[in-house]
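A short write-up of the structure that comes next.
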Amino acid sequence: MPEPRPEVLDFLLTRRSRPAKTLRAPAPDRDALRPILTAAARTPDHGKLEPWRFIVLERGALDRLAGLVRTRGAALGLAAEAIDKAAAAYEGSPLAVAVIAAPKPSDKIPEIEQLYSAGAVCLALVNAALAAGWGANWLSGWPSHDREFVESGLGLSPHERVAGVIHIGTETAAPPERPRPDLDAITTWGTE
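For the sequence shown, position 80 (counting from the first letter as 1) is numbered 80 according to the UniProt record's numbering, and the numbering increases by one without interruption.
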């Protein structure tokens, strides 16, 4: 049995994403971000396919994407509020990492399991950033599901999609604790 790590369990029991709108510079530089990305890449990956990849979005890329959000939102006829909310996530973020689900052909590992792995990478990335002392939040929103945005803005291939955009920076306001699920209401114990 592995040795207990109560400090890690305590971190997981008390972890709290930080609202993206409260994150400001400084953000981790490339050297500080590498161990965070390395930790996220240790996510379970059946078949060792690496069905995901990272796109690190620094300030210039975030500004470009915010402009594209506004252009695409207008072209799609979206409400100004929806456009502003989506653009604000890119405009206000000091750094973001797009986790790209990139399923690989496999006779053994179904695509759905590869997509689950990409989602697990998102949570691992948030937790690694929080453990490293940064504020972090996992967002997506309508731009992440718009093919023109992801292909022209992020350079995704047709088979790829955005699993999440993880915003990372310095926390300016700690959010209050929020209600958590009632464990008894969501747990079934299979005893037979």
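Think of the CB as a built atom: it goes at the ideal place given N, C-alpha and C, for glycine as much as any other residue.
R24 is bridged by DSSP to T170.
For L13 against A98, the beta-carbon gap comes to about 28 Å, at or over 8 Å, which does not count as contact.
Bounds of any alpha helix (DSSP H) do not take in F54; it lies within the beta strand (DSSP E) bounded by 52-57. Close CB contacts of A66 within its chain, under the 6 Å cut and outside five residues either way in sequence, are with A87, Y90, E91 (chain order). DSSP places A163 within a strand segment (E or B) once states are collapsed to three.
In this structure, G169 keeps its C-beta atom at 8 Å or more from the C-beta atom of A32. Contact check between the segment 65-82 and the segment 124-134: fewer than three CB pairs, one atom from each, fall below 8 Å, which does not count as touching. Rounded to whole angstroms, the Cβ separation of G135 and T22 is 7 Å, and the two are in contact under 8 Å. In the DSSP annotation of this structure, the continuous segment of the alpha helix (DSSP H) that includes G119 starts and ends at 111-131. Bounds of the beta strand (DSSP E) holding G135 are 135-139. Here V165 is buried, its C-beta having at least 16 other C-beta atoms within 10 Å.
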